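Report on the following structure.
There are 2 protein chains.
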Amino acid sequence: MKQNLETAKKLGQGRDAVRQHNLSTVLGLVHQLGPISRSKLGQLTGLNRSTISILVEELNNLGMVFESESTAREGLGRPSIQVSASSNVVAIAIHPELDFLAVAAVSLAGEVRQLERVTYPPGTPVQSIVKESARLIQKLRDDLGQHVKIAGVGVAVPGQVRFGDGVVRLAPHLGWVEVPLAKMLQQETGLPVYLDNDAMVGCNAERIFGAARNFNDVIYLWGGSGLGGGVVANGVQLRGATGYGCELGHVRISDSEQPDYSGLAGTLESIARREDLVAALELGTVSDEELEVALLANRSDSVAAVAHRQIDALARALGNYVNIFNPEIIVLGGFLRSLFWYDQERLLQGLSNGALSASREAVIVRTAELGSRSLLLGSAELAFEQLLAHPGAFTG
Amino acid sequence: MKQNLETAKKLGQGRDAVRQHNLSTVLGLVHQLGPISRSKLGQLTGLNRSTISILVEELNNLGMVFESESTAREGLGRPSIQVSASSNVVAIAIHPELDFLAVAAVSLAGEVRQLERVTYPPGTPVQSIVKESARLIQKLRDDLGQHVKIAGVGVAVPGQVRFGDGVVRLAPHLGWVEVPLAKMLQQETGLPVYLDNDAMVGCNAERIFGAARNFNDVIYLWGGSGLGGGVVANGVQLRGATGYGCELGHVRISDSEQPDYSGLAGTLESIARREDLVAALELGTVSDEELEVALLANRSDSVAAVAHRQIDALARALGNYVNIFNPEIIVLGGFLRSLFWYDQERLLQGLSNGALSASREAVIVRTAELGSRSLLLGSAELAFEQLLAHPGAFTG
DNA sequence: CTGATTTTGTTGATTACGAAAACAAAAAAT
DNA sequence: ATTTTTTGTTTTCGTAATCAACAAAATCAG
């Protein structure tokens with residue numbers, strides 16, 4: 004509270020806060036649930052018919068949504084007007100990786116309208132990547148045309164992100180340290196830029212559009228070269244004080260002295276390693292899908308030893324998360340999907356052994372649904388979140 | 004969202020929601036910060052002078068607060084009226100343990116107005132404890148007089164609590180399984196009853212009134228016979244989907260097969276054990292304070308071996324929590340206080356070794372301030388939270 | 001095909017509540 | 001004693017949700 008004494012953050016609600024809030028929730032529902040009738044919006048929000056009418060009209064005027072006449076019979080009574088999110092409001096999703104850059108335009112309706120992908124040699128300096136991003140954004144804008152409004156730019160960063168000011172604290176693969184990426188991109192493009200850790204971005208996407216849709220308490224674990232996580236507690240994404248939280252891979256679960264990519268010993272990331280699986284299967288560079296096919300086809304003892312060790316470690320970690328978070332659902336993405344399908348029984352049994360039964364009983368374990376789309380949808384969501392919070396303030 | 008489609012929970016805000024919210028925040032500020040001037044309330048909430056005036060008057064009429072003329076010089080200008088929480092609005096705090104029962108009346112102003120404590124043999128059935136609680140509550144009410152209004156009853160349970168319906172899922176020490184304690188107490192007393200896990204209750208108290216005051220991201224760890232935890236993330240207490248979350252003691256951090264009180268192996272609770280410390284010091288039944296004095300006075304190797312092992316385990320666990328939650332502050336209570344003071348250096352060094360530096364740098368570690376008062380204040384807070392959420396609806 | 005029923009959209013009047021402005025009050029500063 | 005500064009009070013105003021009444025568009029019953 005003392006902070007508030009100084010910063011004088013507004014705790015009270017004024018007149019316009021109500022309109023702001025209602026506008027925001029209506030737009031949010033349209034965004035998440037897709038085309039929806041006015042009457043259903045009324046049911047969901049508890050607002051009066053006349054109020055919904057005014058709100059939707061305002062959103063229409065802002066260009067955020069459009070209305071279409073009733074499509075088909077929905078039962079008794081006068082058919083309700085359908086409200087849909089506009090495809091002409093888009094967010095730019097950016098995903099920089101070691102050797103490639105993906106830039107996409109995602110509409111408020113949830114479609115990936117356009118996707119550009121370029122590769123470059125590892126070690127390419129940030130400045131070049133920023134310039135390249137700006138170029139691709141301009142290309143997207145040109146292709147999409149004048150009448151498309153840009154909500155902002157969302158970036159999924161494979162590393163630790165200071166959420167408040169959009170600085171990449173550390174992205175080991177890319178060799179970035181304290182890079183003010185948001186500011187750099189903002190200066191280059193003139194658009195508002197939002198950064199977040201890639202796993203958290205993926206978590207949010209799965210929660211809104213994917214396997215964790217409709218759940219309010221979610222654990223998301225994603226295995227790529229490293230191992231990242233995301234948590235949704237009580238309907239809101241957990242980030243910690245500065246945005247460095249949710250490092251679920253860097254949690255020590257064993258006495259082993261084997262270090263992970265961040266130098267921490269005995270962590271889940273140090274045991275459940277994609278490259279060990281790939282090596283055991285004697286594969287080269289493979290996609291997650293190819294890895295999965297190869298793993299499920301191979302039942303040799305040597306592969307089983309590696310997989311079992313990783314599954315057991317994963318189970319132990321999941322047990323910890325269940326005890327800590329009491330989630331409704333656990334979502335496994337990346338190569339962790341493959342571990343799940345390799346021996347689901349073993350994983351779930353291990354989870355049961357390590358978790359308190361009260362929390363264990365209720366939780367379900369699923370694999371991610373969105374695949375590579377999750378990063379695009381989730382990154383765009385970073386920008387849309389700001390738009391949704393203040394729809395009235397948006398001018399495009 | 005699908006849930007909402009069925010339950011039709013109100014997402015939109017109506018006319019009166021604003022008043023409700025503002026009334027709530029003003030009362031909340033008075034409750035937390037103690038006597039405060041009207042003008043400061045205006046600064047903190049961002050509300051207009053006239054609005055504050057009306058709100059405070061309404062709270063006054065409800066008997067929640069009272070106003071007093073300016074006490075002393077506070078600078079230039081007309082002195083502002085002081086607003087204080089009423090001492091005549093109280094919550095009943097109940098804390099049942101293995102062999103004793105504490106029942107207290109805590110005022111909205113934060114004073115423990117009265118405290119009753121009785122002992123009974125271990126194994127006393129729940130029904131008896133409920134009856135005894137009701138008797139003590141009646142005694143408190145009689146002593147306090149007619150003009151005191153009761154906001155409700157808050158119970159700190161040493162076990163797992165299903166937060167939604169106030170059922171004790173499992174309280175190992177007390178031998179309770181699926182006990183509908185809230186309902187039982189409600190029927191016996193006619194008052195609204197709220198339950199929560201004891202560590203979470205303590206966490207909330209430390210956050211509002213104690214060592215974690217003014218922090219929004221808190222880890223709280225409390226060591227008694229067992230080891231419990233509490234987490235505040237982004238200003239709200241974490242409970243998980245059903246209320247079983249935050250079992251920070253039951254997190255596996257080692258390959259050891261030593262089971263804890265819940266049968267889980269290699270957890271923090273299985274290593275950091277109060278009774279091992281007590282045994283090493285060759286003590287009998289001691290209070291936390293006595294234990295601390297004895298521990299700090301004894302620098303023998305045998306004691307050091309036990310203490311160091313426990314400190315190292317604690318450090319490893321704390322490192323995990325830091326990586327997961329990126330908190331601003333860690334608060335250690337119960338006998339964990341003693342471990343901290345025994346070798347602070349070792350603990351902090353161990354923490355640094357196991358945590359990512361980005362999160363590690365910002366976090367501070369402190370010991371709990373409230374001692375045994377934390378459970379009383381925190382339990383009362385359970386009832387006050389409901390009161391604060393809907394001050395207008397309260398009739399006493 | 002016709003009329004009753006049901007649900008939804010529309011419109012205007014009503015109500016609630018915070019903001020703003022003008023004025024009064026109570027202190028310190030000059 | 002006068003000015004300045006801050007706060008409390010009162011009145012007026014604007015905004016936004018609600019309510020009631022009516023119209024519109026479908027299904028249902030015969």
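So the sequences go chain by chain: A and W.
In terms of our numbering, the first sequence has 224 at position 221, counting the first letter as 1, and numbering is strictly consecutive.
In terms of our numbering, the second sequence has 276 at position 273, counting the first letter as 1, and numbering is strictly consecutive.
C-beta: ideal position from N, C-alpha, C; glycine also.
Please read these numbers as outputs of a predicted model, since none were measured by experiment.
(1) At a CB distance below 8 angstroms, what residues from the stretch 329 to 342 of chain W approach chain A? Give them in sequence order.
(2) Under a Cβ-count criterion, where at least 16 other Cβ atoms within 10 Å of its own Cβ denotes burial, should G381 of chain W be classed as buried or exposed?
(3) Entirely within the stretch 305 to 360 of chain W and at least 3 residues each: give me those beta strand (DSSP E) ranges in chain order.
(4) Please confirm if the stretch 82 to 97 of chain W is in contact with the stretch 147 to 162 of chain W, defined as three or more CB-CB distances below 8 angstroms between the two stretches.
(5) Taking the alpha carbon of G213 of chain W as the reference point, which residue from W:T398, W:R376, W:I39, W:K43 has its own alpha carbon closest?
(6) In the structure shown, what three-state DSSP assignment does T122 of chain A receive?
(7) Is there a Cβ of chain A sitting closer than 9 angstroms to that of L8 of chain W, yes or no?
(8) Three-state secondary structure (DSSP) at E285 of chain A?
(9) Taking DSSP as the reference, what is the three-state secondary structure of Q240 of chain W?
(10) Give the interface partners of Y247 of chain W over in chain A, defined as CB-CB distance under 8 angstroms, in chain order.
(11) Quick one: what's got a C-beta closer than 7 angstroms to V164 of chain W's C-beta in the same chain, skipping five residues either side?
(12) Chain A partners of E250 of chain W, CB-CB under 7 angstroms?
(13) Measure the alpha-carbon distance for L351 of chain W versus R363 of chain W and round it to whole angstroms.
(14) Measure the CB-CB distance between I327 of chain A and E250 of chain W and report whether it falls below 9 angstroms.
(15) Suppose you measure from the CA of E70 of chain A to the CA of I84 of chain A; what does that come to, to the nearest Å?
(16) So the candidates are W:E372, W:V309, W:A320; which of them puts its Cα closest to the Cα of G337 of chain W?
(17) Measure the beta-carbon distance from T270 of chain A to V254 of chain A and round it to whole angstroms, keeping in mind my assumption that it falls under 8 angstroms.
(18) What does the Cβ neighbour count give for E295 of chain A, buried or exposed, with the cut at 16 atoms within 10 Å?
(19) Within 8 angstroms, do at least three Cβ pairs link the stretch 220 to 231 of chain W to the stretch 307 to 326 of chain A?
(20) Verify the CB distance criterion: does L380 of chain W have a CB-CB separation below 9 angstroms to chain A?
(21) With a threshold of 16 other CB atoms inside 10 Å of the CB of N323 of chain W, please say whether the residue is buried or exposed.
(22) Output, in chain order, the set of chain A residues within a Cβ distance shorter than 7 angstroms of A365 of chain W.
(23) Taking 9 angstroms as the threshold (C-beta atoms), are A365 of chain W and N329 of chain A in contact?
(24) Does any residue of chain W have a CB that is nearer than 9 angstroms to the CB of L47 of chain A?
(25) Just how far apart, CA to CA, sit A236 of chain W and R216 of chain W?
(26) Can you tell me the Cα-Cα spacing of G205 of chain W and G248 of chain W, whole angstroms?
(27) Short of 7 angstroms Cβ to Cβ, which residues in the stretch 309 to 323 of chain A face chain W?
(28) Using a threshold of 9 angstroms, state whether the C-beta atoms of V406 of chain A and G15 of chain W are closer than that.
(29) In three-state DSSP terms, what is V234 of chain W?
(30) Figure out for me which residue from A:A208, A:L104, A:G167, A:G238 has the closest Cα to the Cα of L139 of chain A.
(31) Which value, in whole angstroms, describes the spacing of the CA atoms of E114 of chain A and A107 of chain A?
(32) Within 9 angstroms of any Cβ in chain W, is that where the Cβ of A105 of chain A sits?
(33) Please list the residues of the stretch 163 to 195 of chain W that have a C-beta atom closer than 9 angstroms to any C-beta atom in chain A, keeping them in chain order.
(34) Can you give me the Cβ contacts of I132 of chain A inside the same chain, cut-off strictly under 8 angstroms, excluding the 5 residues immediately before and after it?
(35) With DSSP run on the structure shown, which of helix, strand or coil describes Q85 of chain W?
(36) I'd like the span of the beta strand (DSSP E) that includes S71 of chain A, first residue to last.
The answer reads as follows:
(1) N329, P330, E331
(2) buried
(3) 332 to 337
(4) yes
(5) W:R376
(6) strand
(7) With a pLDDT of only 28 at L8 of chain W, under the threshold of 50, the placement of this residue in the model should not be trusted; the figure read from the coordinates follows. By this cut-off, L8 of chain W is an interface position.
(8) coil
(9) strand
(10) N329, L359, A361, S362
(11) V171, R172, L198, D199, N200, G246
(12) N326, I327, L359
(13) 10 angstroms
(14) yes
(15) 7 angstroms
(16) W:E372
(17) 6 angstroms
(18) buried
(19) no
(20) no
(21) buried
(22) A244, T245
(23) no
(24) yes
(25) 14 angstroms
(26) 15 angstroms
(27) R319, G322, N323
(28) Outside the shown range of chain A, which is 4 to 399, sits residue 406 of chain A, and nothing can be said about it.
(29) strand
(30) A:L104
(31) 10 angstroms
(32) no
(33) Q163, R165, R172, L173
(34) P99, L104, Y123
(35) strand
(36) 68 to 71
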